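Undergrad:
2 protein chains.
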Amino acid sequence: MPVSLPSTEPSGDSVSRILAAAKDLFARHGYDHVSMNAVAGAAGVSKANVFHHFKSKDELYIRSLSQACEASRSSLDAMEEGDGDAWQRIRRFVDEHLDHMLSHSRDSRLILREVVENCPGTGQRLAQEVFRDNFNRLVAIIAECQREGALRPDLDPVFISTLLLGANVFFFQSQEVMRHLDGVDFADEPSRYGAMFVDILMRGAASGPVANEGEKP
Amino acid sequence: MPVSLPSTEPSGDSVSRILAAAKDLFARHGYDHVSMNAVAGAAGVSKANVFHHFKSKDELYIRSLSQACEASRSSLDAMEEGDGDAWQRIRRFVDEHLDHMLSHSRDSRLILREVVENCPGTGQRLAQEVFRDNFNRLVAIIAECQREGALRPDLDPVFISTLLLGANVFFFQSQEVMRHLDGVDFADEPSRYGAMFVDILMRGAASGPVANEGEKP
DNA sequence: GTCTATATCGGGATAGAC
DNA sequence: GTCTATCCCGATATAGAC
Numbered sequence: 001m002p003v004s005l006p007s008t009e010p011s012g013d014s015v016s017r018i019l020a021a022a023k024d025l026f027a028r029h030g031y032d033h034v035s036m037n038a039v040a041g042a043a044g045v046s047k048a049n050v051f052h053h054f055k056s057k058d059e060l061y062i063r064s065l066s067q068a069c070e071a072s073r074s075s076l077d078a079m080e081e082g083d084g085d086a087w088q089r090i091r092r093f094v095d096e097h098l099d100h101m102l103s104h105s106r107d108s109r110l111i112l113r114e115v116v117e118n119c120p121g122t123g124q125r126l127a128q129e130v131f132r133d134n135f136n137r138l139v140a141i142i143a144e145c146q147r148e149g150a151l152r153p154d155l156d157p158v159f160i161s162t163l164l165l166g167a168n169v170f171f172f173q174s175q176e177v178m179r180h181l182d183g184v185d186f187a188d189e190p191s192r193y194g195a196m197f198v199d200i201l202m203r204g205a206a207s208g209p210v211a212n213e214g215e216k217p
Numbered sequence: 001m002p003v004s005l006p007s008t009e010p011s012g013d014s015v016s017r018i019l020a021a022a023k024d025l026f027a028r029h030g031y032d033h034v035s036m037n038a039v040a041g042a043a044g045v046s047k048a049n050v051f052h053h054f055k056s057k058d059e060l061y062i063r064s065l066s067q068a069c070e071a072s073r074s075s076l077d078a079m080e081e082g083d084g085d086a087w088q089r090i091r092r093f094v095d096e097h098l099d100h101m102l103s104h105s106r107d108s109r110l111i112l113r114e115v116v117e118n119c120p121g122t123g124q125r126l127a128q129e130v131f132r133d134n135f136n137r138l139v140a141i142i143a144e145c146q147r148e149g150a151l152r153p154d155l156d157p158v159f160i161s162t163l164l165l166g167a168n169v170f171f172f173q174s175q176e177v178m179r180h181l182d183g184v185d186f187a188d189e190p191s192r193y194g195a196m197f198v199d200i201l202m203r204g205a206a207s208g209p210v211a212n213e214g215e216k217p
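Taken in sequence, the protein lines are chains A and B. If you use my numbering, the first sequence closes out at 217, no skipped numbers anywhere. If you use my numbering, the second sequence closes out at 217, no skipped numbers anywhere.
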């Protein structure tokens, strides 16, 4: 990663600095609690300069969002090239995905906010353009595991993918609450949480001899 | 439930009307996008009157939150008195809980926002006071199922409860996004989603003959 | 491109009459 | 308890000089 030299470009790269500051502030405090003044201050430029480069606060926000999304995309790559059997790869995905969310919690929260706040025009459309890519990749990988015989053929790979994501996202967003609930001793152990989850899933979704008492295949 | 007569109390019950309007607006648009002016207008009173009954916007918000929580509490009762075997009760809980969230989506979203927006002082403490009750009840029920022999004894009932809630919450909050993802044909069928989930869980968590290839008990 | 200064607007909260 | 009118502040956005 190239380090910018302040001497050569003391203010030339204002856009990057503004964008970085904005992403950080938006992720930490949310759209409404971040003023253009604060962004300007954090970026070391004047407020008018921010408006010169971004014609409105909304535009700056959208740009910040998409930048946060790009960072999120890179985490899936690690899994795809990994080896090991199907359940090992799935396990690794759960681990790394959760890890990535937690270590990039600001970006994750920034995106998550847009999901929860589902205004029809703003978040949904953008979230859709972002999620579709990664989601389809995950589904494809799960389907591949199924083709290898690791999952029962009657299961919907889309559903399994949803379950994986849901378990992780819920852990991420509820961690702070879980810490203050009785008996949740895994609140600070994401990898143990992932292990327990994949264990349940594996026993429940794997093909082979299954404890299906009262079920009719 | 006593019906208030508008003739006897045309404006006497301003507090209730303000609270109702506030809860509705906060749930739909979020704290920051609701002005006291808007609340006053929706409640049919003046802005000064709102400030007369609630000394600040924060107080009004907190009151709205706790009211939304009370409504959420009643849904758990239905399950506790239900009969049937363990997995039937669990299945019914998943169904009714998800149903409740969807039919009370505004209340749910209001609470969910506080979880995602985890500021240390505001949401967390209140969420904790609210969730603890219901969560402990759910854990107790799961533990009871385990005592009946429906779940493997080595499983943590707290973890299973978390999984149940997580799957439902994720469905609720991601429904709008899921609708626009490829292949998610269960996005509008919460009960099918619940059925698939409980099916996986049952096979994976049930005691009895289990497909544990490579596991050492 | 970058700044200082300013216009303009809306929201929270208060004063004081009725 | 309820209202009208008002204060005060901060936020978005713009104007115009350098």
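Don't be surprised by glycine CBs; every beta carbon is placed ideally from N, CA and C. Note that this is a predicted model, so its numbers are computed, not measured.
Hey, quick one: how far does the alpha helix (DSSP H) through C119/B stretch, first residue to last?
TA: Premise fails: C119/B is in no alpha helix (DSSP H) and is neither H nor E.
Undergrad: Is there at least one Cβ from chain A nearer than 7 Å to D58/B's Cβ?
TA: False, the Cβ-Cβ gap to chain A never drops below 7 Å.
Undergrad: What residue does the alpha helix (DSSP H) around G149/B start on, and which one ends it?
TA: First-last for G149/B: undefined, no H or E at that position.
Undergrad: Could you check whether the Cβ of I141/A sits closer than 7 Å to any Cβ belonging to chain B?
TA: With 7 Å as the cut-off, I141/A does not count as an interface residue toward chain B.
Undergrad: Near N212/A, which residues of its chain fall below 7 Å by C-beta distance, leaving aside the five closest residues on each side in sequence?
TA: Confidence at N212/A is low in this model, with a pLDDT of 43, below 50, so the placement of that residue should be treated as unreliable; the coordinate-derived value is given next. Hits under 7 Å: none found.
Undergrad: Given L19/B, which residues of its chain have a CB within under 7 Å of its CB, disregarding the five upstream and five downstream residues?
TA: Excluding positions up to five away in sequence, the list reads R63, S64 and Q67.
Undergrad: Cβ of L60/B within 7 Å of Cβ of F135/A?
TA: No, the pair does not count as a contact, with Cβ atoms beyond the cut-off.
Undergrad: Mark D156/B as exposed unless 16 or more other C-beta atoms lie within 10 angstroms of its C-beta, in which case mark it buried.
TA: Counting Cβ neighbours within 10 Å, D156/B comes out buried, since at least 16 surround it.
Undergrad: Run down chain A in chain order and give the residues with a C-beta less than 8 Å from the C-beta of V45/B.
TA: Residues of chain A passing the Cβ test: none, with the nearest at roughly 25 Å.
Undergrad: What span of residues does the alpha helix (DSSP H) with D199/A cover, start to end?
TA: That run of the alpha helix (DSSP H) goes P190 to A205.
Undergrad: Tell me whether V169/A sits in a helix, a strand or coil according to DSSP, three-state version.
TA: The answer is helix: DSSP assigns V169/A an H, G or I state.
Undergrad: Just to confirm the assignment, what range does the alpha helix (DSSP H) spanning S16/A have?
TA: Looking at the DSSP string, the run of the alpha helix (DSSP H) that includes S16/A is S14 to H29.
Undergrad: Given that G194/A touches chain B, what residues does it touch there, using C-beta distances under 7 Å?
TA: Here the premise fails: no neighbours, minimum Cβ distance about 11 Å.
Undergrad: List the whole-angstrom C-beta distance separating R132/A from A27/A, where the pair is believed to meet the contact cut-off of C-beta under 8 Å.
TA: Contact doesn't hold; Cβ gap of about 22 Å is too wide.
Undergrad: Starting from the Cα of I141/A, find the closest Cα among R91/A, Y193/A, D58/A and Q173/A and give me that residue.
TA: Measuring from the Cα of I141/A, the nearest candidate turns out to be R91/A.
Undergrad: Starting from the N-terminal side, write out each stretch of the alpha helix (DSSP H) that is 4 residues or longer and does not extend beyond the segment 64-92 of chain A.
TA: Correct list: 75-80.
Undergrad: According to the neighbour-count rule (16 or more other Cβ atoms, all chains shown, within 10 Å of its Cβ), is S14/B buried or exposed?
TA: Buried is the call here.
Undergrad: So that I know if they touch, is there some Cβ in chain B lying closer than 7 Å to that of S7/A?
TA: Annotation note: pLDDT 34 at S7/A (below 50); position unreliable, coordinate value reported separately. For S7/A, the answer is no, since every Cβ of chain B falls outside 7 Å of its Cβ.
Undergrad: Measuring alpha carbon to alpha carbon, tell me which residue in N118/A, L98/A and T162/A is nearest F171/A.
TA: Closest by alpha carbon: L98/A.
Undergrad: What residues in the segment 88-104 of chain B have a beta carbon less than 9 Å from any beta carbon of chain A?
TA: Per Cβ criterion, the list is empty.
Undergrad: Determine the direct distance from the alpha carbon of V116/B to that of Q173/A, and round the result to whole angstroms.
TA: For Q173/A and V116/B, the distance between alpha carbons rounds to 6 Å.
Undergrad: With a cut-off of 7 Å, does the C-beta of G204/A fall near any C-beta of chain B?
TA: Yes, because at least one Cβ of chain B sits closer than 7 Å to the Cβ of G204/A.
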